[in-house]
Amino acid sequence: MTYRYFPGCSLKSSGRAYEESLLAVFRALDVPLQELEDWNCCGATAYMSVDEVRAFTLAARNLCLAEQSGAAGNGGTDIVAPCSACYLVLLKTRRYMTEHPDLAQKVQAGLQSVGLQYQGKARVRHPLDVLVNDIGLDAIKKRVTQKLGGLKVACYYGCQIVRPFPTFDPAYNPTSMDRIAAALGATPVHWPLKTRCCGGTLTGTIPDVGLRLNRILLKEAKRRGADVMITVCPLCQFNLECYQNEIRRQLHEDVGLPVMYLTQLIGQAFGLSDSALGLQRLFVPPARVPAAQEGGKVANA
Amino acid sequence: MPTSVREHAEVRRKITYQAELDPQFGEHIAKMAYGEKLFSCIQCGTCSGTCPVSHYMDYTPRRIIAMVREGFRDDVLNSLTIWLCASCYSCTAECPREIKITDVMYALKQEAIKKGVYPKRFPIPVLAQEFFRGVERTGRNSEGPLMVKFFLKTNPLGMLKNAPMAMRLWFKGRLSLFEEGMKNKGVVARLLRAAKQAEGERQ
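Written as structure tokens, this is what we have:
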């Protein structure tokens, strides 16, 4: 089945390494991701703060496009949104369109003006969901050529993929990322802050608050022995990685913890090249795969 | 010689008179936020306890709910609380009365922006509105240009302070100053105009 890939703005800019590694990993797994033709912004949290009906209409256009390309015999209608904010906005739109007929009516009227009609056929998926539930841990394990030899990983889920709609993982203690990390040979550390908020845009707007939220997350991950933190949201990754200098300067805390995308870690275990995974774009040099020192030999070579 | 207290300290009334309350405010917000359940809040404070930023807020989420219900419109719309909410949905997930507190916060932000009641250079609503305008024009959000506009409108000096980070992003290929555009130009503007009209007709 072909998935409709919805990049969103971050994956084309500050989160480019997420796009690069996601596409590389899905290619390695032989799972086709096709970018949704002429997608538009999901609206994120900012749009919802200004006008609700327009925010839902904006998001709904993308769902309509996915329905259309699915109906054109182009494979499935599942839309894959790697950014947590995009994922939640699209999912929330889908939910609210069924739960609130009054809203649905207004949104449909808007869509009609550009010749679209929302039918509710496109399911909204997160890559993590696809990796664990469609592709499966066994298929991932089979593709591993370089076991991650006990690399200690703190899996950070962030907020919006498990709240308020926990569709593929429990809201209180999600484990999908931990299970993938373990399948790669890494050791997930027990880390109760895995769904605590990184502050979103607060790092930029009110740094006093935003930086502190990130310091808490980084410090606790390190205290639990993590060599690296992995995440599946471009904004979480940006906050947790790119603001480490600021945290050092303003809060006098030298964390120095690499923060990678889950897909970069998977790619490393698949033996994909650093440049294919966008590792050179990271601010904090990523953990080297400690394969050799831990005796984890290259399996299929 | 009589001395006015005002010469020594700013005197501010600490209470709100009943006559200043807006008795329809609660209903209005509840309707906006699909929150009929707003009125079943038992004031347990779970929302405030689970909120990662409640200790920076002027009113905790629990108090905001109580104030919305009682019609403290001006106090609520002028509060810092509604802008500090980062939409992490912890409160919504935990609320034993299933109140969609995050949606209530969104509704309050929308009201505050509509009424223009926030400090002029206050960063969060400015960011939201610049984001809104950018998407209206091009259909997509462009992170680089958005940040430039954001700093110009809130804190031009902040741009200098953030220059090292911007340079680093640039060298890593993570920042572009070009606007992202769609092939089908104008479709989003048309869509949003129609949505606005549909909204107006049914209100």
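Chains as they are written, first to last, in my numbering: chain B, 1 to 301; chain X, 1001 to 1203. Every residue, glycine too, gets a C-beta built ideally from N, C-alpha and C.
Check                                                                                                                           : Outcome
Spatial neighbours of residue 253(B) in its chain, beta-carbon cut-off 6 Å, leaving aside the 5 residues before and after       : 215, 247
Validate contact between the stretch 250-264 of chain B and the stretch 18-35 of chain B using beta carbons, cut 8 Å, 3 pairs   : yes
Neighbourhood of residue 228(B) by C-beta distance below 8 Å, restricted to the same chain and skipping five residues each side : 151, 152, 153, 154, 257, 258, 259, 260, 265, 286, 287
DSSP-derived helix/strand/coil call for residue 163(B)                                                                          : coil
Sequence-distant residues of the same chain with beta carbon closer than 6 Å to residue 94(B), five excluded per side           : 124
Any chain B beta carbon closer than 8 Å to residue 1187(X)                                                                      : yes
Three-way DSSP call (helix, strand, coil) for residue 277(B) in this model                                                      : coil
Closest residue to residue 1094(X) among 56(B), 163(B), 197(B) (Cα-Cα distance)                                                 : 163(B)
Under the three-state DSSP convention, the category residue 187(B) falls into                                                   : strand
Partners in chain B for residue 1123(X), counting only beta-carbon separations shorter than 8 Å                                 : 204, 205, 206
Beta carbon proximity, residue 318(B) to chain X, threshold 8 Å                                                                 : One cannot answer for residue 318(B) here, as it falls past the ends of chain B, which runs 1 to 301.
Minimum Cβ-Cβ distance from residue 114(B) to chain X less than 8 Å                                                             : yes
Of the residues 1172(X), 1184(X), 1122(X), 1192(X), the one placed nearest residue 282(B), counting alpha carbons only          : 1172(X)
8 Å Cβ shell around residue 1122(X) - same chain, five flanking residues per side excluded                                      : 1083, 1154
is_contact[residue 209(B), chain X] using C-beta, thresh 8 Å                                                                    : yes
CA nearest to the CA of residue 1030(X), picked from 1103(X), 1076(X), 1055(X), 1079(X)                                         : 1103(X)
Nonlocal neighbours in the same chain, by C-beta distance under 7 Å from residue 45(B), ignoring five residues either side      : 85, 200
Three-pair Cβ contact test at 8 Å for the stretch 134-141 of chain B versus the stretch 195-209 of chain B                      : no
Check whether residue 1075(X) and residue 1016(X) have beta carbons under 8 Å apart                                             : yes
CA-to-CA distance, residue 1132(X) to residue 42(B), given in whole angstroms                                                   : 11 Å
Where residue 1014(X) falls, given that 16 or more other Cβ within 10 Å makes a residue buried                                  : exposed
Spatial neighbours of residue 1056(X) in its chain, beta-carbon cut-off 7 Å, leaving aside the 5 residues before and after      : 1084
Nearest to residue 1023(X) (by Cα), restricted to the options 1180(X), 1066(X), 1047(X)                                         : 1066(X)
Top-ranked residue by Cα proximity to residue 1047(X), from 1197(X), 1186(X), 1098(X), 1192(X)                                  : 1098(X)
Span of the beta strand (DSSP E) around residue 259(B)                                                                          : 259-261
Near-chain X residues of the stretch 256-275 of chain B - C-beta to any C-beta below 7 Å                                        : none
Option nearest residue 65(B) by Cα separation, candidates 133(B), 79(B), 192(B), 10(B)                                          : 79(B)
Option nearest residue 1091(X) by Cα separation, candidates 245(B), 218(B), 204(B), 165(B)                                      : 165(B)
Residues bridged to residue 1032(X) (per DSSP)                                                                                  : Beta-bridge pairing links residue 1032(X) to no other residue.
Test: residue 252(B) CB closer than 8 Å to a CB of chain X                                                                      : no
The stretch 1084-1116 of chain X: positions lying closer than 8 Å to chain B by Cβ                                              : 1084, 1086, 1087, 1088, 1089, 1090, 1092, 1093, 1100, 1102, 1106, 1107, 1109, 1110, 1113
DSSP three-state assignment for residue 244(B), whether helix, strand or coil                                                   : helix
Delimiting residues of the alpha helix (DSSP H) encompassing residue 1111(X)                                                    : 1101-1115
Range of the contiguous beta strand (DSSP E) that encloses residue 152(B)                                                       : 152-156
Span separating the alpha-carbon of residue 1182(X) from that of residue 1041(X)                                                : 44 Å
Interface flag, residue 1153(X) vs chain B, CB-CB below 8 Å                                                                     : no
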